[in-house]
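K.L.:
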Amino acid sequence: MCGIVGYIGHENALTKIITGLTSLEYRGYDSAGVAYVLDNQIKIIKKEGRIENLKSALSLVDHPTIGIGHTRWATHGEANERNAHPHQAGKFTIVHNGIIENYQELKQMLEKNGYTMKSDTDTEVACALFDFLYRDEKNVLKVLEKATTLLKGSYAFGILCSDDTSTIYAMRHASPLIIATKENEKFIASDIPAILEYTNEYYLLEDDDIAVLKEDSLTFYHEGREITRPKQIFEGNLETSQKGGFPHFMLKEIYEQPKVIQETIRFYFDGTKDSLHKNLPDLQSYEDIHIVACGSAYHAGLVSKSLMEEIANIPVTVFVASEYRYQKVFYHAKTLVILISQSGETADTLASLRKAKEAGMDTLAIVNVVGSSIAREASKVLYTKAGCEIAVATTKAYSAQLALLSLLTLKLALLHNTIKEEELETINEKINLLPKQMEDLIHNPQYQKMATSIYHHHDIFYLGRKIDYAISMEGALKLKEISYINSVAYPAGELKHGTISLIEENTPVIGVITDSSIKEKTISNLEETAARGARIILISKEEIDKVDDLILLPHTHALLEPILAIIPLQLLAYEVARLRGCDIDKPRNLAKSVTVE
Ligand code: F6R
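Reading the sequence shown from the start, the letters are residues 1 to 597 in the numbering used here.
1. Is it true that the CB of G295 sits closer than 7 Å to the CB of S175?
2. Relative to the C-alpha of Q104, which candidate in P86, A128, E223, G49 has its C-alpha closest?
3. If you follow the beta strand (DSSP E) that M117 is part of, which residue opens it and which one closes it?
4. What residue does the beta strand (DSSP E) around M361 start on, and which one ends it?
5. Please confirm whether L177 and L205 have their CB atoms less than 7 Å apart.
6. Distance check for T65 and S56, CA to CA, integer angstroms please.
7. Within the chosen definition, does the stretch 560 to 575 reach the stretch 509 to 529 through at least 3 CB pairs nearer than 8 Å?
8. Using only the heavy atoms of the ligand F6R, determine whether one of them is closer than 6 Å to the beta carbon of T394.
9. Excluding five sequence neighbours on each side, which residues of the same chain lie with their C-beta closer than 6 Å to the C-beta of E597?
10. For Y202, which beta-bridge partners are listed by DSSP?
11. By Cβ distance, which residues of its chain are closer than 6 Å to I168, with the 5 residues on each side in sequence left out?
12. For the beta strand (DSSP E) holding H600, just list the boundary residues, first then last.
13. What residue does the beta strand (DSSP E) around A218 start on, and which one ends it?
14. Excluding sequence positions up to five away, which residues of its chain have a Cβ less than 7 Å from the Cβ of G49?
15. For T228 and E389, I'd like the C-alpha separation in whole angstroms.
16. Please say whether T595 and E668 have beta carbons closer to each other than 7 Å?
17. Could you tell me how far apart the beta carbons of L412 and A297 are, in whole angstroms, since I believe they sit closer than 8 Å?
18. Out of H173, R72, N417, A492, which has the shortest C-alpha to C-alpha gap to E223?
19. Is L133 closer than 7 Å to V143 when the C-beta atoms are compared?
20. Which runs of the alpha helix (DSSP H) fall wholly inside the stretch 441 to 491 and span at least 4 residues, in chain order?
21. Let me know if D209 comes out buried or exposed under the rule of 16 or more other beta-carbons within 10 Å of its beta-carbon.
22. Would the stretch 192 to 200 count as touching the stretch 10 to 26 if we require 3 or more Cβ pairs under 8 Å?
23. In the DSSP output, which residue or residues are listed as bridge partners for H70?
24. Within the same chain, show all residues whose beta-carbon is closer than 6 Å to that of K592, passing over the 5 residues directly before and after it, in chain order.
25. Count the CB pairs spanning the stretch 428 to 447 and the stretch 260 to 269 that are closer than 8 Å, and state whether there are at least three.
26. Apart from the five residues on each side of it in sequence, which residues of its chain come closer than 7 Å, Cβ to Cβ, to L578?
27. Looking at L405: is its Cβ nearer than 7 Å to the Cβ of S304?
28. By alpha-carbon positions, which one of N506, T452, K521 ends up nearest to G464?
29. By Cβ distance, which residues of its chain are closer than 8 Å to P230, with the 5 residues on each side in sequence left out?
30. Run through DSSP, which three-state label would V329 get?
31. Using 8 Å as the Cβ pair cut-off and three pairs as the minimum, do the stretch 452 to 469 and the stretch 492 to 500 touch?
32. Relative to the alpha-carbon of I482, which residue among K496, I500, Y455, Y462 has its alpha-carbon at the smallest distance?
33. Please classify A531 as buried or exposed, where buried requires at least 16 other C-beta atoms within 10 Å of its C-beta.
34. What residues in its chain sit with their C-beta under 6 Å from that of Y115, if we drop five residues either side in the sequence?
35. Pick helix, strand or coil for L353, following the three-state DSSP scheme.
36. Within 6 Å: the Cβ of G295 and any heavy atom of the ligand F6R?
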């Protein structure tokens, strides 16, 4: 949700900023812009659309050594050049990620004081506020400190002031921002991939921290006092944030899943009860569970609800985070709240976490990005080992969430005696088989042909019952977000209550059957649609006649079935989007990290 990069050093800031922004484009790609210092003047260049447009507008003769840049995911005002960042007001030029919630109120106050806004953005209002405060204060640091008390909402800012063109200021509140260093070079960035080509040393800014970057110094302030923040070293490498020969990050990330699943599972579980005891939190005291998340992470929650209830015999309620944060929630002292998030920065999930903590509930976060806000604020955190995920549509982070949730289910089942310790050996053997089974599914040659038969349709339906309905929901989301086909998942028995009227000759219907206990029921629902002309694609672990296409899933333990079943759905979505010529890694209107409500 908007990407920020800033550079101060002795090399060409534009090169560094463009490289950084390009790796942050997953956060937004409506427009892009830079501001840089040349002969003590601040120059701004911005363009609608992708970073490529900005790149071609940059002057090759300019070699600034200080600058800030931005790639935007529009929240206030259209995605055009006027609303693109950086914004300027008086002596201040800024880039912003987040939402200023009280911007209307501030705007009125600033307009009364002589400011006229040129854009529709909340960012320009924040910029004008800095300039307004500077009229009296004449000290940027003091201005920013004062601004933290006046701005409501979320923000990460990169800031230049024309009275002091040898400094970049950075501050954040509820939006991520890091400061990276390499000898006398310094960067600000929304996320680590932006700086990995240059350095792996960075500092995490905490809420309301202000950082002052000069070529020869880096100082942190919090509530008016100079403070220190620990230096962090990022252990991953640049390769994980590059395509490695694949045409799209999404495909690369789908192919990485066997390794990611193995690494996630083996980080916590070596086949023994002891490892689950040691590496996963104590779950003994909980009588029910809330799972709270958004999008695919919410779907991972729905899948694990089925597993936890059926296999571990514990009641689980799954909530969409944007609802949970505002709705009345019933809980008691023995309720555990599990928050699931790849980025660890999703605004609604973070707000739900804070609500649960305020209510006194125990919170456990399942997060991929180390050190992210949700990871830091939850009482306990478990990390998925998916590595850096770049494609906007999640694949490997989603399946890593499934893997970790399956281990929690296993621990709960042992506690509740619904799985006996003797079964662990069989489960462990199945886990050992999993990477090869996943590889085989990834390399199944059928997806392209199946995609060819459905890619020109406007509507596609996904059907499943119980856990297979939850899996179908993720399959439908994958298809719609990257191919723009209206694809919807239904509990298989529900179609006849209205939606079946949409089925016509050749309408694609994709069935998912991993749960054998309900197999016959789903099959007869699929047959009902076939009788009305539907073309049936089935993802199933058993051979079933009378379908147009069948992807056969290998046999494994029930805890691991969803990890296998999602692969064909991801690859089918990918192939359909490819045939439709869509921008697979950066679907329209989306952003990877949703740090606004
Ligand atoms: C879909 C997708 C989104 C995210 C959702 C939550 O492919 O990626 O639906 O799952 O925005 O994001 P995180 O997991 O970062 O909280």
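The C-beta atom is built at its ideal place from N, Cα and C for all residues, glycine as well. Note that the coordinates shown come from a computational prediction; the quantities given were computed from them, not determined experimentally.
P.N.:
By the coordinates alone:
1. The count along the sequence shown starts at 1 and reaches residue 175 at position 175. The count along the sequence shown starts at 1 and reaches residue 295 at position 295. Contact flag unset, no.
2. Indexing the sequence shown from 1 puts residue 104 at position 104. Checking every option, the nearest Cα to that of Q104 belongs to A128.
3. For the purposes of this step, residue 117 is taken as the residue at position 117 of the sequence shown. Careful: M117 lies outside any beta strand (DSSP E) and carries neither H nor E.
4. Here residue 361 refers to the residue found at position 361 when the sequence shown is read from its first residue. Counting along the chain, no beta strand (DSSP E) covers M361, and no H or E run does either.
5. By one-based count along the sequence shown, residue 177 stands at place 177. By one-based count along the sequence shown, residue 205 stands at place 205. Yes, the pair counts as a contact, with Cβ atoms nearer than the cut-off.
6. Against the sequence shown, residue 56 aligns to sequence position 56. Against the sequence shown, residue 65 aligns to sequence position 65. Here the alpha carbon of S56 sits roughly 19 Å from the alpha carbon of T65.
7. Because the criterion of three Cβ pairs below 8 Å is met, the stretch 560 to 575 and the stretch 509 to 529 touch.
8. Translated into positions along the sequence shown, residue 394 becomes position 394. For T394, the distance from the CB to the nearest heavy atom of the ligand F6R is below 6 Å.
9. As a first step, residue 597 must be located in the sequence shown, where it is residue number 597. Annotation for E597: A347 place their beta carbon closer than 6 Å to its own, counting only its chain and skipping 5 residues before and after.
10. Locating residue 202 in the sequence shown gives position 202, where the first residue counts as 1. Within the DSSP bridge table, the entry for Y202 names A180, Q232 as partners.
11. What you label residue 168 is simply residue 168 of the sequence shown in a count that begins at 1. Contacts found: G6, I8, L213.
12. Not covered by the structure: residue 600. The range shown for the chain is 1 to 597.
13. In the sequence shown, residue 218 corresponds to position 218, counting from 1. Here residue 218 is Leu; the residue named in the question, Ala, does not match the sequence. It spans 217 to 222 - the beta strand (DSSP E) in which L218 sits, taken as one unbroken run.
14. Walking along the sequence shown from the start, residue 49 turns up at place 49. Residues S31 of the same chain have their beta carbon placed closer than 7 Å to that of G49, with the five preceding and five following residues left out of the count.
15. Locating residue 228 in the sequence shown gives position 228, where the first residue counts as 1. Locating residue 389 in the sequence shown gives position 389, where the first residue counts as 1. Rounded to the nearest angstrom, the two C-alpha atoms are 30 Å apart.
16. The question about residue 668 has no answer here: the residues shown for the chain are numbered 1 through 597.
17. By one-based count along the sequence shown, residue 412 stands at place 412. By one-based count along the sequence shown, residue 297 stands at place 297. In fact, because the Cβ distance is near 19 Å, the residues do not count as touching under 8 Å.
18. Locating residue 223 in the sequence shown gives position 223, counting from the first residue. When only C-alpha atoms are compared, the closest one is H173.
19. For the purposes of this step, residue 143 is taken as residue 143 along the sequence shown, with counting starting at 1. For the purposes of this step, residue 133 is taken as residue 133 along the sequence shown, with counting starting at 1. When the beta-carbon positions are compared, V143 and L133 come within less than 7 Å of each other.
20. Listed in chain order, the complete alpha helix (DSSP H) runs (minimum 4 residues) inside the stretch 441 to 491 are 447 to 454, 467 to 483.
21. The count along the sequence shown starts at 1 and reaches residue 209 at position 209. Around the beta-carbon of D209, 16 or more other beta-carbon atoms lie within 10 Å, marking it buried.
22. Cβ pair count under 8 Å is three or more, so yes.
23. Locating residue 70 in the sequence shown gives position 70, where the first residue counts as 1. In DSSP, H70 forms a bridge with I4, G33.
24. As a position in the sequence shown, residue 592 is number 592, starting the count at 1. Only Y26, R27, V392 meet the Cβ criterion.
25. The stretch 428 to 447 vs the stretch 260 to 269: in contact.
26. Counted from its first residue, the sequence shown places residue 578 at position 578. Note that residue 578 is Arg in the sequence shown here, rather than Leu. Excluding positions up to five away in sequence, the list reads I584.
27. By one-based count along the sequence shown, residue 405 stands at place 405. By one-based count along the sequence shown, residue 304 stands at place 304. It is a contact, given that the beta carbons lie within the stated cut-off.
28. Here residue 464 corresponds to residue number 464 of the sequence shown, with the count starting at 1. The alpha carbon of G464 has as its nearest neighbour, out of N506, T452, K521, the alpha carbon of K521.
29. Locating residue 230 in the sequence shown gives position 230, where the first residue counts as 1. Answer for P230: Y203, listed in chain order.
30. The residue given as residue 329 occupies position 329 in the sequence shown. V329: coil per DSSP, three-state reduction.
31. Touching, per the Cβ criterion.
32. As a position in the sequence shown, residue 482 is number 482, starting the count at 1. If we check each option's Cα against that of I482, Y455 comes out closest.
33. For the purposes of this step, residue 531 is taken as the residue at position 531 of the sequence shown. Exposed: under 16 other Cβ atoms inside 10 Å.
34. If you number the sequence shown from 1, residue 115 lands on position 115. Short of 6 Å from the beta carbon of Y115, and not among the five residues preceding or following it, lie these beta carbons of its own chain, in chain order: A128.
35. Position 353 of the sequence shown holds residue 353. L353 carries a helical assignment under DSSP once its states are collapsed to helix, strand and coil.
36. Translated into the one-based positions of the sequence shown, residue 295 becomes position 295. Flag set: Cβ of G295 near the ligand F6R.
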